[in-house]
Amino acid sequence: MNSNKLKTIQDFKKCAALIVSMLWFNCLMAQNPLIQNQFTADPSARVFNGKVYLYPSHDIPATPGHGKAGWFCMQDYHVFSSPNLTDWTDHGVIVSQNTVPWADSTAYSMWAPDCIERAGKYYFYFPATVKSGSPKGFSVGVAIANKPYGPFVPQPLPIAGIHGIDPNVQIDKDGQAYIYWAQGNLYGAKLRANMLELASEPVKLEGFPDKGLKEGPYLFERNGIYYMTYPHVADKIERLEYAMATSPLGPFKYAGVVMDESASGCWTNHQSVIEFKNQWYLFYHNDDLSPDFDKNRAVRADSLFFNEDGTIRKVIPTLRGVGVTASSGKIQVDRFSATSTDGVAVTFLDTLNKFKGWKATLSKTNSWIKYNSVSFGKKTVGRVYVNACSATGGTLLISTDDEPGKIITKLIIPKGNEWHIVTKTGLSMPVGVRNLIVQSIGGGPVEVDWISFK
Ligand code: FUB
Numbered sequence: 001m002n003s004n005k006l007k008t009i010q011d012f013k014k015c016a017a018l019i020v021s022m023l024w025f026n027c028l029m030a031q032n033p034l035i036q037n038q039f040t041a042d043p044s045a046r047v048f049n050g051k052v053y054l055y056p057s058h059d060i061p062a063t064p065g066h067g068k069a070g071w072f073c074m075q076d077y078h079v080f081s082s083p084n085l086t087d088w089t090d091h092g093v094i095v096s097q098n099t100v101p102w103a104d105s106t107a108y109s110m111w112a113p114d115c116i117e118r119a120g121k122y123y124f125y126f127p128a129t130v131k132s133g134s135p136k137g138f139s140v141g142v143a144i145a146n147k148p149y150g151p152f153v154p155q156p157l158p159i160a161g162i163h164g165i166d167p168n169v170q171i172d173k174d175g176q177a178y179i180y181w182a183q184g185n186l187y188g189a190k191l192r193a194n195m196l197e198l199a200s201e202p203v204k205l206e207g208f209p210d211k212g213l214k215e216g217p218y219l220f221e222r223n224g225i226y227y228m229t230y231p232h233v234a235d236k237i238e239r240l241e242y243a244m245a246t247s248p249l250g251p252f253k254y255a256g257v258v259m260d261e262s263a264s265g266c267w268t269n270h271q272s273v274i275e276f277k278n279q280w281y282l283f284y285h286n287d288d289l290s291p292d293f294d295k296n297r298a299v300r301a302d303s304l305f306f307n308e309d310g311t312i313r314k315v316i317p318t319l320r321g322v323g324v325t326a327s328s329g330k331i332q333v334d335r336f337s338a339t340s341t342d343g344v345a346v347t348f349l350d351t352l353n354k355f356k357g358w359k360a361t362l363s364k365t366n367s368w369i370k371y372n373s374v375s376f377g378k379k380t381v382g383r384v385y386v387n388a389c390s391a392t393g394g395t396l397l398i399s400t401d402d403e404p405g406k407i408i409t410k411l412i413i414p415k416g417n418e419w420h421i422v423t424k425t426g427l428s429m430p431v432g433v434r435n436l437i438v439q440s441i442g443g444g445p446v447e448v449d450w451i452s453f454k
């Protein structure tokens, strides 16, 4: 083959790969962590108008003159929404330390927020360091909007009577609103109907372990039981616990652990709990995108279940997270539901830019990865795309494991040091929601970034 012809073929292949990647450009992340284009923490999830809205803190790395090195650095809040817990939209900045009249715009301390709807208005509660006046430290402010994603207008002053962090607001069945916050221990008070002023003296909530920092209160009600969830340093770092009561301000009774301390050692955790389409979910955070610095966190979600007696079953954190993944999107198999363990490693694609995400390496014959709940739709014939790299060359078996289990294809990943999208058409496709299995069945190690079907 002459060199001109070869060049044309190479150009064509590059062009085809570019077009294929552009087709996936708009797909947002669906697994844990939920948001992978920025650091997010302290997730307060809410269901408004049939969608899930996520109000997290927004961690950023401190830079000289902006925030304190080695500490939390947060200057604003974004809001995200999802119709299905799989596709997330970033609605951008809703409140910033530069636009809150009473907040110190040099403090970078916009910590854990919350948002609630009352009579068609959305009230966004956030802690920040006060600019001047007494007492110094954290107060809690409110910003109001007509839509869950803003625009939010901050109130000129913080809520009188609250000094602390991590506001959480709930409206009880009788219409009475309550606000909770933390200041080493957990506090609560009634809110007036305007949602801007306390209607009762703050009380220290009772029934929690005496020792160890408690913060991040988040209350929800189910079947007449009020569940107060909170992070607590029972030992060295935070774990998520809960207590139960029969009224919104308690007294509470300690009921157990919702999530153990993070295996990665992330010092903080922070939670919210929602019911969405008949399933309960726990939102929390970890340090997935910044394993060497746990003040740059990333929010996650996993399913939460109750026992018959109303107690909460401990949630085991997963990478797979929640929601059904469309087979036509990028299925990030490194966010697996299960693996063979032996011969499977998950590492960053680019350690200099961790926002690019992860890859899975299947290094041994028969090593495998399972990714559950992929929606294949109704098409019975299709094409697979695998973004892979194999220095030695290898073969993948792609199948589904559930009844009726199905081999979709055997795919040869050619030898080479470059990542490329390997594709094969004319495949007999599974239909409906299936668990996907990717297995190495020969050759050498294969690195896989994502898989997709069209
Ligand atoms: O994000 C800053 C603080 O870390 C939060 O306010 C706490 O709940 C902890 O997550």
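For the sequence shown, counting from 1, position 109 maps to 109 in our numbering; every step adds exactly one.
Each residue gets a CB set at the ideal place from its N, CA and C atoms; glycine is no exception.
All figures in this text were calculated on a predicted structure; none of them were measured in a lab.
By the Cβ rule, the stretch 277-288 counts as touching the stretch 249-263, because three or more pairs are nearer than 8 angstroms. Around the beta carbon of residue 170, a 10 Å sphere encloses 16 or more other beta carbons of the protein chains shown; the residue is thus reported as buried. Nearest in C-alpha terms to residue 106, of all of 297, 62 and 161, is 62.
Looking at the DSSP output, residue 424 bridges to 384.
In this structure, residue 69 has its beta carbon at no less than 7 angstroms from each heavy atom of ligand 1.
DSSP places residue 440 inside the beta strand (DSSP E), whose first and last residues are 433-443. The Cβ atoms of residue 271 and residue 218 sit closer than 8 angstroms to each other. Assigned with DSSP and collapsed to three states, residue 355 falls in helix. In the three-state DSSP reduction, residue 192 falls in the coil class, being neither helix nor strand.
The continuous stretches of beta strand (DSSP E) do not include residue 108, and DSSP gives it neither H nor E.
In this structure, 89 is the residue among 89, 398 and 37 with its C-alpha nearest to the C-alpha of residue 52. Nearest to residue 92 by C-alpha distance, out of 40, 123, 189 and 234, is 40. Secondary structure remark: continuous beta strand (DSSP E) runs of at least 3 residues inside the stretch 305-344: none found.
Counting C-beta atoms within 10 angstroms of its own C-beta, residue 113 has 16 or more neighbours from the protein chains shown and is therefore classed as buried. Separation of residue 295 and residue 64 (C-alpha to C-alpha, rounded to the nearest whole angstrom) is 16 angstroms. For residue 158, there is no enclosing beta strand (DSSP E), as DSSP gives it neither H nor E. Secondary structure note for residue 208: it is in no beta strand (DSSP E), with a DSSP letter that is neither H nor E. When the beta-carbon positions are compared, residue 324 and residue 375 come within less than 8 angstroms of each other. For the pair residue 177 and residue 191, the CB atoms are nearer than the 8 angstroms cut-off.
Assigned with DSSP and collapsed to three states, residue 116 falls in strand.
The alpha carbon of residue 83 has as its nearest neighbour, out of 49, 446 and 258, the alpha carbon of 49. For residue 94, the uninterrupted beta strand (DSSP E) segment begins and ends at 89-96. Membership of residue 376 in any beta strand (DSSP E) is not indicated, and neither H nor E is assigned to it by DSSP. Judged by beta-carbon spacing, residue 252 lies within the 8 angstroms limit of residue 244, meaning their Cβ atoms are closer than that value. Here residue 98 is exposed, its C-beta having fewer than 16 other C-beta atoms within 10 Å.
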